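Sequential numbering from -18 applies to the sequence shown in the working numbering.
Data first, discussion second: the structure below is written as structure tokens.
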Amino acid sequence: MPAPDDTMLPPPAFSVCVYCGSRPGRSTLHAEHARATGRWIGSHGGRLIYGGGRNGLMGMVADATLESGGTVVGVIPEALVTQEVAHRACTELHVVATMHERKRMMAERADVFLALAGGIGTFEELFETWTWRQLGYHDKPIGILNSAGYFDALLAFLRSSVEQQFMNDWQMNLVQVGTEPGELLPALVQAAGLPGADRLQAI
Ligand code: AMP
């Protein structure tokens, strides 16, 4: 029997947990990158795991993933269904009892984590995922998409924290920072070591 042709294999299945703003932000680049993130996930046969809302960048990532043929798993606490406008078009919409349950389900179902621009909800999710990684609770890649320099000031502060010896380079290097969704996403998926991930191309 001939060896299977690697180029004929379906694209790898992977799940990207995206943390991002429930608002669109001022720069139009945030919306552009949120849509590009969803398009990349969908067009590479991936699955988006996210907070299940329709507002802001969250809704844009979800819509772009669905429009590009991907699947979308939304996880939203019951109390936020109205406030955050639960996205009923999700492939799977899980309405859970608490915020802790949301975060646990999102983290369990993800292969990689990516933070886009956002507010305190996004920061909290990013930092929790980062601290869990440093403690060894998971070993999944984490990325920050620094669109329009949004995270510059935070990254500068974190580097000053290393200088002040409250953090170290190993901790800083647990997070990959990028400026282009089409470059950062394949790097994260490849770092997760999923089979076939080396065949992923930037769009
Ligand atoms: P924001 O970045 O503040 O616009 O919020 C983005 C998302 O983070 C929203 O879906 C919020 O519900 C969610 N969020 C807010 N607080 C938390 C929290 N403590 N843990 C997890 N997610 C949160």
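Think of the CB as a built atom: it goes at the ideal place given N, C-alpha and C, for glycine as much as any other residue.
This one's a predicted model, so the numbers in the text were calculated from it and none came from an experiment.
> With a CB to CB cut of under 6 Å and the five nearest residues on each side skipped, what residues in its chain are close to Gly99?
Replying inline: Within the sequence shown, the letter at position 118 stands for residue 99. Here the set comprises Cys1, Gly2.
>> Using only the alpha-carbon positions, how far apart do Thr112 and Asp179 sit?
In response: Taking the first residue of the sequence shown as position 1, residue 112 is located at position 131. Taking the first residue of the sequence shown as position 1, residue 179 is located at position 198. Taking the straight line joining both Cα atoms gives about 28 Å.
>> What residue range does the alpha helix (DSSP H) around Phe138 cover?
In response: On the sequence shown, position 157 is the one that residue 138 refers to. For Phe138, the enclosing alpha helix (DSSP H) starts and ends at 133 to 144.
> By a C-beta neighbour count over all protein chains shown, 10 Å radius and 16 as the cutoff for buried, is Tyr118 buried or exposed?
Replying inline: As a position in the sequence shown, residue 118 is number 137, starting the count at 1. With fewer than 16 Cβ atoms within 10 Å of its Cβ, Tyr118 is classed as exposed.
>> Quick check: does the Cβ of Glu89 come within less than 7 Å of any heavy atom belonging to ligand 1?
In response: In the sequence shown, residue 89 corresponds to position 108, counting from 1. Not under cutoff, so the answer is no.
> Can you name, in chain order, every residue of its own chain whose Cβ lies under 8 Å from the Cβ of Ala129, other than the five neighbours on each side?
Replying inline: Walking along the sequence shown from the start, residue 129 turns up at place 148. Within the same chain, Ala129 has close Cβ partners Ser8, Leu10, His11, Ala98.
>> DSSP three-state label for Arg28, please.
In response: Locating residue 28 in the sequence shown gives position 47, counting from the first residue. Of the three classes helix, strand and coil, the one that applies to Arg28 here is strand, per DSSP.
>> Measuring straight from C-alpha to C-alpha, what distance separates Gln115 and Gly23?
In response: Indexing the sequence shown from 1 puts residue 115 at position 134. Indexing the sequence shown from 1 puts residue 23 at position 42. The straight-line gap from Cα to Cα measures roughly 30 Å.
> By how many angstroms is the C-alpha of Phe147 removed from the C-alpha of Asp(-13)?
Replying inline: The residue given as residue -13 occupies position 6 in the sequence shown. The residue given as residue 147 occupies position 166 in the sequence shown. With a pLDDT of only 49 at Asp(-13), under the threshold of 50, the placement of this residue in the model should not be trusted; the figure read from the coordinates follows. Cα to Cα, Asp(-13) sits roughly 46 Å from Phe147.
> Hey, would you say the C-beta of Arg16 is under 7 Å away from at least one heavy atom of ligand 1?
Replying inline: As a first step, residue 16 must be located in the sequence shown, where it is residue number 35. Incorrect: Arg16 has no Cβ contact closer than 7 Å to ligand 1.
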